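K.L.:
Attaching a single structure in structure tokens format; questions to follow.
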Amino acid sequence: MKTNAYESSVIINAALDDEQIESEVSRLKEYIINLGGEIIEVDKWGRKRLAFIVNKSKIGYYAIYRFYAPSNVIAKLERSYILDENILRFLTIQLDQDALEYFEKNKTVNPDLIAD
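Going by the numbering used here, the first residue of the sequence shown is number 201, and it counts up by one from there.
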């Protein structure tokens with residue numbers, strides 16, 4: 201089966217402790233791998249103020265996952281996002297070649313912003 205490049209942005213409830221947030225980020229990363237995905241990078245933006253209140257939260261922890269996976273993985277991944285009460289919002293998009301080249305170029309330019 202053909203694999204595509206995806207970017208999945210997740211907003212995690214920032215009311216959790218730092219250890220719980222790291223555990224959630226790691227759990228999602230392992231879940232993508234277990235479904236057959238290959239992680240390119242995990243970009244942790246940290247706690248940010250939300251534009252509007254979501255589930256009584258004003259602040260969310262942003263994590264962006266870039267990965268290769270077969271297309272059937274996305275439905276399973278998004279289903280797990282829906283069932284996870286710690287995830288406030290999510291968005292998964294398919295990346296084209298231009299986006300991959302952009303991220304690769306910026307990765308070499310500013311490695312301080314990249315977290316794994």
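Quick reminder that beta carbons are idealized off the backbone N, C-alpha and C, glycines included. Small disclaimer: the values here were computed from a predicted structure and weren't measured.
Within the same chain, show all residues whose beta-carbon is closer than 8 Å to that of V154, passing over the 5 residues directly before and after it, in chain order.
P.N.:
Past the edges of the chain, shown from 201 to 316, lies residue 154, and the structure says nothing about it.
K.L.:
Less than 8 Å between the C-beta atoms of I232 and L277, yes or no?
P.N.:
Yes, the Cβ-Cβ distance between I232 and L277 is below 8 Å.
K.L.:
Quick check on the DSSP output: what are the complete beta strand (DSSP E) runs of length 3 or more inside the segment 221-247, in order along the chain?
P.N.:
Fully enclosed beta strand (DSSP E) runs of 3 or longer: not present.
K.L.:
Considering only DSSP beta bridges, list what N204 is partnered with.
P.N.:
In DSSP, N204 forms a bridge with A269.
K.L.:
With DSSP collapsed to three states, give me the class of A251.
P.N.:
DSSP places A251 in strand when its eight states are reduced to three.
K.L.:
Please name the residue in G246, E230, K258 whose C-alpha comes closest to that of I240.
P.N.:
With distances taken between Cα atoms, I240 lies closest to E230.
K.L.:
Quick check: the Cα distance between K248 and E219, rounded to an integer number of angstroms?
P.N.:
Using only the alpha carbons, I get a separation of about 17 Å.
K.L.:
Shortest alpha-carbon distance to D296 belongs to which of F267, E285, K258, N213?
P.N.:
Minimum Cα distance to D296 is reached at F267.
K.L.:
How is K307 classed by DSSP in three states: helix, strand or coil?
P.N.:
The answer is helix: DSSP assigns K307 an H, G or I state.
K.L.:
Identify the residues that DSSP records as bridge partners of A165: which are they?
P.N.:
In the structure as shown, the chain starts at 201 and stops at 316, and residue 165 therefore has no counterpart that could be examined.
K.L.:
Between V225 and the rest of its own chain, which residues show a CB-CB distance below 6 Å, the 5 nearest in sequence each way excluded?
P.N.:
Result list for V225: A263, in chain order.
K.L.:
Assign Y265 to one of two classes, buried (16 or more other C-beta atoms within 10 Å of its C-beta) or exposed (fewer than that).
P.N.:
It is buried - the Cβ of Y265 has at least 16 other Cβ atoms within 10 Å.
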